[in-house]
Amino acid sequence: MFEYAPAPESRDIVDIKASYGLFIDGEFVDADSSFKTVDPASEEVLAEIAEADATDVDRAVTAARKAYESVWSQLPATERAKYLFRIARIIQERSRELAVLESIDNGKPIRESRDVDIPLVAAHFFYYAGWADKLEFAVRDPRPIGVAAQVIPWNFPLLMLAWKIAPALACGNTVVLKPAETTPLTALAFAEICRQADLPPGVVNIVTGAGETGRALVEHEGVDKVAFTGSTDVGRQIARSVAGTAKRLTLELGGKAANVIFDDAPVDQAVEGIVNGIFFNQGHVCCAGSRLLVQESIAEELLDRLKTRMATLRVGDPLDKNTDIGAINSAAQLEKIRTLSAAGEEEGATRWSPPCELPDRGFWFAPTIFTGVAQSHRIAREEIFGPVLSVLTFRTPQEAVEKANNTPYGLSAGVWTEKGSRILWMAERLRAGVVWANTFNKFDPASPFGGYKESGFGREGGRHGLEAYLR
Ligand code: NAD
Ligand code: MG
Numbered sequence: 008m009f010e011y012a013p014a015p016e017s018r019d020i021v022d023i024k025a026s027y028g029l030f031i032d033g034e035f036v037d038a039d040s041s042f043k044t045v046d047p048a049s050e051e052v053l054a055e056i057a058e059a060d061a062t063d064v065d066r067a068v069t070a071a072r073k074a075y076e077s078v079w080s081q082l083p084a085t086e087r088a089k090y091l092f093r094i095a096r097i098i099q100e101r102s103r104e105l106a107v108l109e110s111i112d113n114g115k116p117i118r119e120s121r122d123v124d125i126p127l128v129a130a131h132f133f134y135y136a137g138w139a140d141k142l143e144f145a146v147r148d149p150r151p152i153g154v155a156a157q158v159i160p161w162n163f164p165l166l167m168l169a170w171k172i173a174p175a176l177a178c179g180n181t182v183v184l185k186p187a188e189t190t191p192l193t194a195l196a197f198a199e200i201c202r203q204a205d206l207p208p209g210v211v212n213i214v215t216g217a218g219e220t221g222r223a224l225v226e227h228e229g230v231d232k233v234a235f236t237g238s239t240d241v242g243r244q245i246a247r248s249v250a251g252t253a254k255r256l257t258l259e260l261g262g263k264a265a266n267v268i269f270d271d272a273p274v275d276q277a278v279e280g281i282v283n284g285i286f287f288n289q290g291h292v293c294c295a296g297s298r299l300l301v302q303e304s305i306a307e308e309l310l311d312r313l314k315t316r317m318a319t320l321r322v323g324d325p326l327d328k329n330t331d332i333g334a335i336n337s338a339a340q341l342e343k344i345r346t347l348s349a350a351g352e353e354e355g356a357t358r359w360s361p362p363c364e365l366p367d368r369g370f371w372f373a374p375t376i377f378t379g380v381a382q383s384h385r386i387a388r389e390e391i392f393g394p395v396l397s398v399l400t401f402r403t404p405q406e407a408v409e410k411a412n413n414t415p416y417g418l419s420a421g422v423w424t425e426k427g428s429r430i431l432w433m434a435e436r437l438r439a440g441v442v443w444a445n446t447f448n449k450f451d452p453a454s455p456f457g458g459y460k461e462s463g464f465g466r467e468g469g470r471h472g473l474e475a476y477l478r
């Protein structure tokens with residue numbers, strides 16, 4: 008064994024202010040009340056954040072409407088593209104700062120925010136900048152919708168912002184976006200970037216707050232389009248409130264993906280894929296491979312190797328470049344993961360975690376697997392949204408398909424096999440928006456993403472992602 012030497016990324020590059028206002032009509036403005044955002048790795052309060060009420064939301068929607076009518080929808084598409092390219096370049100220039108800020112506010116390892124989140128954010132703006140003056144090649148007679156209300160979750164704060172804002176602006180809409188209450192800081196940094204890029208005031212507005220702010224935004228009468236990413240429960244509420252109005256709606260909700268390993272799969276690669284599928288971003292991933300379906304004949308060997316690999320995962324300081332698993336995003340999420348894991352034990356599944364020292368302060372959960380899981384167990388049915396894997400076995404491809412599809416969700420799935428024909432056979436039968444073959448959790452702005460069934464409707468990314476923002 009060797010002595011472990013931490014390699015923490017410096018925090019000096021970020022300048023977190025004591026308090027932040029709302030970003031409305033190109034200015035930061037105060038609100039009557041506020042809330043705190045914390046660093047989940049230390050429970051340190053990072054900043055006081057303005058909480059938007061219905062009056063503030065109304066101001067933001069009015070600013071977005073004015074900017075839509077008088078400026079943004081009037082601009083030649085090539086001019087809109089220039090702004091988006093400029094934003095993309097500033098994101099690249101400030102990428103180190105954004106990565107550190109994201110890791111501090113969210114708890115995710117710097118390795119991921121630096122190598123995955125922020126590069127994808129820039130890539131998304133570049134990709135949709137390229138579409139702005141070519142929309143007629145995507146749909147006939149492309150026309151923007153108007154003002155988009157966008158509500159996003161905390162697991163990929165800046166990436167979810169990019170998924171929402173880039174296509175909306177490229178298509179000529181203006182936006183009011185509400186980030187999640189535990190992770191507002193990178194959205195507020197993005198507001199500064201909009202100013203740096205000289206984006207006309209009101210084209211992007213950021214209103215911070217919790218569920219009530221989100222509700223005021225999606226229920227506002229001046230909104231033409233609602234785009235929501237988050238839990239299925241809140242998605243249902245929003246679908247009810249939007250029903251019967253002229254508003255357009257897209258929902259990106261939860262998931263419970265099956266990661267299916269056949270006996271001819273390359274085992275070591277499959278183990279890496281399983282680890283990436285469930286422990287990436289602490290398992291706070293809507294498309295996480297949270298149900299492992301392994302063919303019975305190789306189950307024992309595969310699980311042995313998986314446990315050996317899990318014992319090497321390093322849990323701890325998100326800013327340490329060696330960290331594989333960072334902090335759980337909030338006390339509430341940690342509680343949810345603990346409750347569901349306890350339910351798994353009560354229902355008779357076998358729980359295992361590698362020996363792993365967790366820091367004293369902050370919110371942490373060791374990587375965990377459950378074996379002997381039945382399809383009826385809560386840990387096989389409900390989204391845990393944490394570093395917890397449920398293992399089930401199957402004998403035939405038909406059984407694998409039946410078990411994989413036995414879920415109210417349908418966002419993603421993984422297939423591991425040497426046979427190309429089997430990959431296609433599985434992909435045709437799996438009820439999931441994305442099927443990865445011999446890989447997992449791969450994202451590209453050119454590739455559409457979205458779900459079936461209770462995972463929502465609408466697609467983000469690619470040419471399909473434009474349709475949500477065009478008439
Ligand atoms: P959440 O639904 O609690 O919150 C999401 C956002 O909605 C937050 O900004 C929150 O403040 C806001 N909100 C809460 N109540 C609201 C209401 N009544 N009206 C309007 N807005 C409201 O979800 P979460 O716990 O923050 O995020 C985790 C969930 O998001 C998981 O279920 C995950 O699967 C899902 N998710 C899905 C995708 C996808 O693309 N399908 C991506 C990321 C996360
Ligand atoms: Mg935070």
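Per my numbering, residue 8 is the first one in the sequence shown, and the count goes up by one each step. All C-beta atoms, glycine included, are put in the ideal place defined by N, C-alpha and C.
Quick check: does the Cβ of residue 53 come within less than 8 Å of any heavy atom belonging to the ligand MG?
Start at 1 with the first residue of the sequence shown, and residue 53 comes out as number 46. Residue 53: yes, Cβ under 8 Å from the ligand MG.
Around the Cβ of residue 397, are there at least 16 other Cβ atoms within 10 angstroms (buried) or fewer (exposed)?
Residue numbering aside, residue 397 sits at position 390 when the sequence shown is read from its first letter. The residue in question, residue 397, is buried, as its Cβ has 16 or more Cβ neighbours within 10 Å.
Considering residue 70, what are the terminal residues of the alpha helix (DSSP H) in which it resides?
Locating residue 70 in the sequence shown gives position 63, where the first residue counts as 1. Counting along the chain, the alpha helix (DSSP H) containing residue 70 begins and ends at 61-74.
Can you tell me whether residue 141 sits near the ligand NAD, meaning its C-beta is under 8 Å from at least one heavy atom of the ligand?
Within the sequence shown, residue 141 is the residue found at index 134, counting from 1. No, the ligand NAD has no heavy atom inside 8 Å of this Cβ.
Could you give the residue range of the beta strand (DSSP E) that holds residue 258?
On the sequence shown, residue 258 is found 251 positions in, with the first residue counted as 1. Segment 255-259, the beta strand (DSSP E) holding residue 258.
Taking just the CA atoms, how far does residue 276 sit from residue 318?
Here residue 318 corresponds to residue number 311 of the sequence shown, with the count starting at 1. Here residue 276 corresponds to residue number 269 of the sequence shown, with the count starting at 1. Going by the C-alpha atoms only, they are around 17 Å apart.
Could you give the first and the last residue of the continuous beta strand (DSSP E) run that contains residue 447?
Counting from 1 along the sequence shown, the entry for residue 447 is found at position 440. Where residue 447 is concerned, there is no enclosing beta strand (DSSP E), given that its DSSP letter is neither H nor E.
Whole-Å CB distance - residue 417 paired with residue 257, under 8 Å assumed
For the purposes of this step, residue 417 is taken as residue 410 along the sequence shown, with counting starting at 1. For the purposes of this step, residue 257 is taken as residue 250 along the sequence shown, with counting starting at 1. No, residue 417 and residue 257 are not in contact; Cβ-Cβ is about 16 Å, not under 8 Å.
Based on Cα-Cα distance, which residue from 444, 76, 144 and 82 lies nearest to residue 474?
By one-based count along the sequence shown, residue 474 stands at place 467. With distances taken between Cα atoms, residue 474 lies closest to 144.
Given this structure, state the Cα-to-Cα distance separating residue 443 from residue 262, to the nearest angstrom.
As a first step, residue 443 must be located in the sequence shown, where it is residue number 436. As a first step, residue 262 must be located in the sequence shown, where it is residue number 255. Straight-line Cα distance between these residues: approximately 15 Å.
Is residue 185 near the ligand NAD, in the sense that its beta carbon is under 8 Å from a heavy atom of that ligand?
Locating residue 185 in the sequence shown gives position 178, counting from the first residue. Checking every heavy atom of the ligand NAD against the Cβ of residue 185, one is found closer than 8 Å.
Tell whether a beta-carbon distance below 9 Å holds between residue 407 and residue 265.
Position 400 of the sequence shown, counted from the first residue, corresponds to residue 407. Position 258 of the sequence shown, counted from the first residue, corresponds to residue 265. In contact: residue 407 and residue 265 (Cβ atoms closer than 9 Å).
Proximity winner among 322, 348, 170 and 328, relative to residue 362 (alpha-carbon distances):
Here residue 362 refers to the residue found at position 355 when the sequence shown is read from its first residue. Nearest of 322, 348, 170 and 328 to residue 362, Cα basis: 322.
If we ignore side chains and look at the alpha-carbon of each, how far apart do residue 348 and residue 320 end up?
Here residue 348 is taken as the residue at index 341 of the sequence shown, counted from 1. Here residue 320 is taken as the residue at index 313 of the sequence shown, counted from 1. Residue 348 and residue 320: Cα-Cα distance of roughly 20 Å.
When you compare each of 476, 31, 241 and 357 to residue 377 by their alpha carbons, which one comes out closest?
For the purposes of this step, residue 377 is identified with residue 370 of the sequence shown, where counting begins at 1. Comparing Cα-Cα distances from residue 377 to each of 476, 31, 241 and 357, the minimum goes to 357.
Within the continuous beta strand (DSSP E) that includes residue 235, where are the two ends?
For the purposes of this step, residue 235 is identified with residue 228 of the sequence shown, where counting begins at 1. It spans 232-236 - the beta strand (DSSP E) in which residue 235 sits, taken as one unbroken run.
Host alpha helix (DSSP H) of residue 228 (start-end):
Counting from 1 along the sequence shown, the entry for residue 228 is found at position 221. Run containing residue 228: none; DSSP gives neither H nor E here.
Secondary structure of residue 276, DSSP reduced to three states:
Locating residue 276 in the sequence shown gives position 269, counting from the first residue. Helix, per DSSP.
Alpha-carbon spacing of residue 296 relative to residue 284, whole angstroms
Start at 1 with the first residue of the sequence shown, and residue 296 comes out as number 289. Start at 1 with the first residue of the sequence shown, and residue 284 comes out as number 277. The alpha-carbon atoms of residue 296 and residue 284 are separated by roughly 5 Å.
Exposed or buried, which one is residue 419 when buried takes at least 16 other CB atoms within 10 Å?
By 1-based counting over the sequence shown, the position of residue 419 is 412. Label assigned to residue 419: buried.
Identify the continuous alpha helix (DSSP H) that holds residue 312 and give its terminal residues.
In the sequence shown, residue 312 corresponds to position 305, counting from 1. It spans 306-317 - the alpha helix (DSSP H) in which residue 312 sits, taken as one unbroken run.
Secondary structure at residue 180, three-state DSSP: helix, strand or coil?
For the purposes of this step, residue 180 is taken as the residue at position 173 of the sequence shown. Note: residue 180 maps to coil in three-state DSSP.
With the cut-off set at 9 Å, would you say residue 162 and residue 212 are in Cβ contact?
In the sequence shown, the residue the question calls residue 162 occupies position 155. In the sequence shown, the residue the question calls residue 212 occupies position 205. Against a cut-off of 9 Å, the Cβ pair of residue 212 and residue 162 comes out as no contact.
Starting from the C-beta of residue 68, find all residues in its chain whose C-beta is less than 7 Å away, skip the five residues before and the five after it, and write them out in chain order.
Sequence index remark: in the sequence shown, residue 68 carries index 61 (1-based). Answer for residue 68: 154, 183, 227, 229 and 230, listed in chain order.
State the Cα-Cα distance for the pair residue 126 and residue 97, rounded to the nearest angstrom.
Within the sequence shown, residue 126 is the residue found at index 119, counting from 1. Within the sequence shown, residue 97 is the residue found at index 90, counting from 1. Computed Cα separation, rounded: 12 Å.
So, under 8 Å CB-CB, residue 170 and residue 364 are touching, yes? Tell me the CB distance rounded to an integer number of Å.
As a working note, residue 170 is residue 163 in the sequence shown. As a working note, residue 364 is residue 357 in the sequence shown. With 8 Å as the limit, residue 170 and residue 364 do not qualify as a contact, their Cβ atoms being about 36 Å apart.
Check: residue 394 C-beta below 8 Å from any heavy atom of the ligand FAD
Absence of the ligand FAD from the depicted structure is noted, with the ligand NAD and the ligand MG being the only ligands included.
Closer than 8 Å: is that where the CB of residue 268 sits relative to any heavy atom of the ligand NAD?
Within the sequence shown, residue 268 is the residue found at index 261, counting from 1. No; taking the cut-off as 8 Å, the Cβ of residue 268 has no heavy atom of the ligand NAD nearer than that.
Sufficient close CB pairs (3 or more, under 8 Å) joining the segment 42-54 to the segment 334-341
yes
Pull the bridge partners of residue 302 from the DSSP assignment, please.
Position 295 of the sequence shown holds residue 302. Answer by DSSP bridge pairing, in chain order: 401.
First through last residue of the beta strand (DSSP E) which encompasses residue 54
Position 47 of the sequence shown, counted from the start, is the residue given in the question as residue 54. Here the beta strand (DSSP E) through residue 54 covers 51-58.
Taking the alpha carbon of residue 221 as the point to measure from, which residue in 157, 210 and 199 has its own alpha carbon closest?
Here the question's residue 221 lines up with position 214 in the sequence shown. The option with the nearest alpha carbon to residue 221 is 157.
Give, in chain order, every unbroken run of the alpha helix (DSSP H) that is at least 4 residues long and sits entirely within the segment 145-214.
164-177 and 192-203
For residue 254, count the other beta carbons within 10 Å of its own beta carbon; 16 or more makes it buried, fewer makes it exposed. Which is it?
Here residue 254 refers to the residue found at position 247 when the sequence shown is read from its first residue. That one is buried.
By how many angstroms is the C-alpha of residue 449 removed from the C-alpha of residue 301?
Your numbering for residue 301 matches position 294 in the sequence shown. Your numbering for residue 449 matches position 442 in the sequence shown. In a straight line, the C-alpha of residue 301 is about 21 Å away from that of residue 449.
Is any heavy atom in the ligand MG found nearer than 8 Å to the beta carbon of residue 399?
For this step, residue 399 is matched to residue 392 along the sequence shown. Outside the cutoff, so no.
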